[in-house]
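Since the structure comes first, as structure tokens, the remarks are kept for the end.
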Ligand SMILES: Nc1ncnc2c1ncn2[C@@H]1O[C@H](COP(=O)(O)OP(=O)(O)OP(=O)(O)O)[C@@H](O)[C@H]1O
Ligand SMILES: [Mg+2]
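Numbering (the working numbering), first residue to last: 610 to 1057.
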């Protein structure tokens, strides 16, 4: 039968005073009920509990210390603490004896299966039983009550653990004896539960904060590792690309040029054959131009030898040569070559981004002016590519082609890229900013 709620401290004081006649504490004899401490003893015991639990951060140790000190107040053979976890689960810690309730055997169990679920659900203010073996409150369909028999637990006091009124779990004190505990001891048990609940709550929050800090650190570390890995991969790809460029230049381009020269010396004989040869020569010239263009874009060349702004200038000039219309192009470096202090992979990625932005401006808009500006603001470098074309649209930004490559390259080097549709004068701005220290892990340059 549930009695009135026992959570108030003044209620405990009143009860303690009433029990002060019980005299000195000692362990009960066989077949005798648990002895009642007097108020002074109870207070001493609470103080010693408070001292013993403050310090350790391991639940097992906290509970062991708690049980040792509580023994002077309430004799027991088994003690457990259940902590409620979200989603109807709970975790049980035991002292003195360990059963299958222990968190080490079953990390989390459904609260609905707990033989003390009435307290854990807040349906009853506490449970006091003379014999848990026969008390129907502990035995219902699906109840995990087997440890009661395995550990020979008969008399029990179960009180809630509360923090600022909210239920966070329960404290259960058990004895091998029947008819061992009484209402007064429930009050003392509740006092001890109030003491430990605040501490357990703080411990749990601390543990959660630590876990989330560790998880955050791990996530940041993983992201950093992935970034470095991808950067190295990009760097490897860039090196391979340059090697291919040089091979193409030294081998394929040279071969094609030789074939072209030999073809020019062939006399077709008939007019028709000569016409065919001329057509083949035209096709070959076209191929040569294509391969030259590819080689230019691939080999290390100007970027490595003369630096970022020269390389952008060279790219603009190369583009201009192939354009049928007149286009004003200029590069302004307001940083006096600071781009060349960037880590090599980062600088190359920046160059490839600018290349694609310029190519897009020429390919997709009828612009007649492209402006590239390099600047610095504090620790960040900025490169801006402006054109006066038709202007990029929101939908264009979802492209899986060059624009997606730009975004990926920027991500890899911790750069941010911004696409803007300009209104007056009309056009498109692509602005990339990158920290000057990008690509350096923990202050060390990448091992490339
Ligand atoms: N500077 C620009 N001005 C106007 N529209 C642009 C500009 N840059 C890109 N776009 C638009 O964005 C679209 C997507 O560009 P993106 O570079 O992803 O692909 P692409 O240039 O068509 O193909 P690829 O880059 O593979 O050659 C383009 O088709 C074009 O419509
Ligand atoms: Mg493109």
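Note that beta-carbon positions come from the ideal geometry of N, C-alpha and C, so glycine has one too.
Let's see if you can read the secondary structure: which residues bound the alpha helix (DSSP H) around residue i?
i            : result
residue 1028 : No alpha helix (DSSP H) holds residue 1028; the beta strand (DSSP E) holding it covers 1025-1031.
residue 669  : 668-679
residue 961  : 953-973
residue 656  : 648-662
residue 1012 : 1011-1021
residue 756  : 755-759
residue 927  : 917-931
Mind reading off the beta-carbon distance from residue i to residue j? Whole number of angstroms is fine, and I expect it under 8 Å.
i           : j            : result
residue 793 : residue 737  : Not a contact, Cβ separation roughly 10 Å.
residue 711 : residue 721  : With 8 Å as the limit, residue 711 and residue 721 do not qualify as a contact, their Cβ atoms being about 19 Å apart.
residue 691 : residue 723  : 7 Å
residue 970 : residue 1015 : With a Cβ gap of about 13 Å, residue 970 and residue 1015 do not count as contacting.
residue 741 : residue 747  : 5 Å
In angstroms with no decimal places, state the Cα-to-Cα distance between residue i and residue j.
i            : j            : result
residue 1043 : residue 864  : 42 Å
residue 847  : residue 952  : 14 Å
residue 976  : residue 891  : 30 Å
residue 903  : residue 879  : 36 Å
residue 834  : residue 822  : 18 Å
residue 634  : residue 678  : Residue confidence is low: residue 634 scores 41 on pLDDT, short of 50, so the model does not pin down where it sits. Its coordinate-derived value is still stated next. Each residue's Cα considered, the two are about 13 Å apart.
residue 954  : residue 924  : 18 Å
residue 806  : residue 761  : 26 Å
residue 637  : residue 779  : Summary for residue 637: the model assigns pLDDT 48, below 50, so the residue's position carries little reliability; its value from the coordinates is reported in the next sentence. Each residue's Cα considered, the two are about 25 Å apart.
residue 930  : residue 861  : 23 Å
residue 1039 : residue 697  : 52 Å
residue 881  : residue 869  : 19 Å
residue 912  : residue 831  : 32 Å
residue 632  : residue 647  : Per-residue confidence for residue 632 stands at a pLDDT of 33, beneath the threshold of 50, marking its modelled position as unreliable; the derived number appears in the next sentence. In a straight line, the C-alpha of residue 632 is about 6 Å away from that of residue 647.
residue 1008 : residue 934  : 27 Å
residue 993  : residue 980  : 8 Å
residue 1049 : residue 1023 : 11 Å
residue 732  : residue 726  : 8 Å
residue 828  : residue 683  : 47 Å
residue 866  : residue 824  : 60 Å
residue 660  : residue 685  : 20 Å
residue 937  : residue 877  : 44 Å
residue 630  : residue 645  : Any answer about residue 630 is weak, because its pLDDT of 33 lies below 50 and its placement is not dependable; what the coordinates show is given next. If I take the Cα positions, the gap works out to 9 Å.
residue 614  : residue 708  : Note that residue 614 has pLDDT 35, beneath the 50 cutoff, so the model's placement of it is unreliable and no number is given.
Between the options, which has its C-alpha nearest residue i's C-alpha?
i            : options              : result
residue 998  : 978, 1011, 1013, 819 : 978
residue 1032 : 1001, 1022, 1021     : 1001
residue 743  : 779, 729, 764        : 764
residue 680  : 653, 824, 972, 934   : 653
residue 671  : 693, 956, 836, 810   : 810
residue 766  : 754, 789, 753        : 789
residue 888  : 812, 873, 901, 1041  : 873
residue 695  : 729, 886, 1020       : 729
residue 940  : 988, 757, 701, 983   : 983
residue 699  : 781, 928, 717, 815   : 717
residue 796  : 959, 655, 965        : 655
residue 917  : 1029, 1013, 957      : 957
residue 802  : 705, 688, 746        : 688
residue 782  : 673, 713, 837        : 673
residue 785  : 768, 759, 1046, 769  : 759
residue 808  : 739, 798, 777        : 777
residue 961  : 701, 663, 1021       : 1021
residue 920  : 932, 937, 942        : 942
residue 898  : 927, 755, 922        : 927
What residue does the beta strand (DSSP E) around residue i start on, and which one ends it?
i            : result
residue 937  : 937-942
residue 735  : Here residue 735 belongs to no beta strand (DSSP E), and DSSP marks it neither H nor E.
residue 993  : 989-996
residue 869  : No beta strand (DSSP E) holds residue 869; the alpha helix (DSSP H) holding it covers 863-874.
residue 694  : 687-694
residue 698  : 698-704
residue 982  : 978-986
residue 775  : 775-784
residue 1040 : 1036-1044
residue 764  : 764-772
> Listed by chain order, which residues have C-beta atoms less than 5 Å from any heavy atom of ligand 1?
Replying inline: 969, 970, 973, 974, 998, 1001, 1005, 1008, 1010, 1011, 1012, 1037
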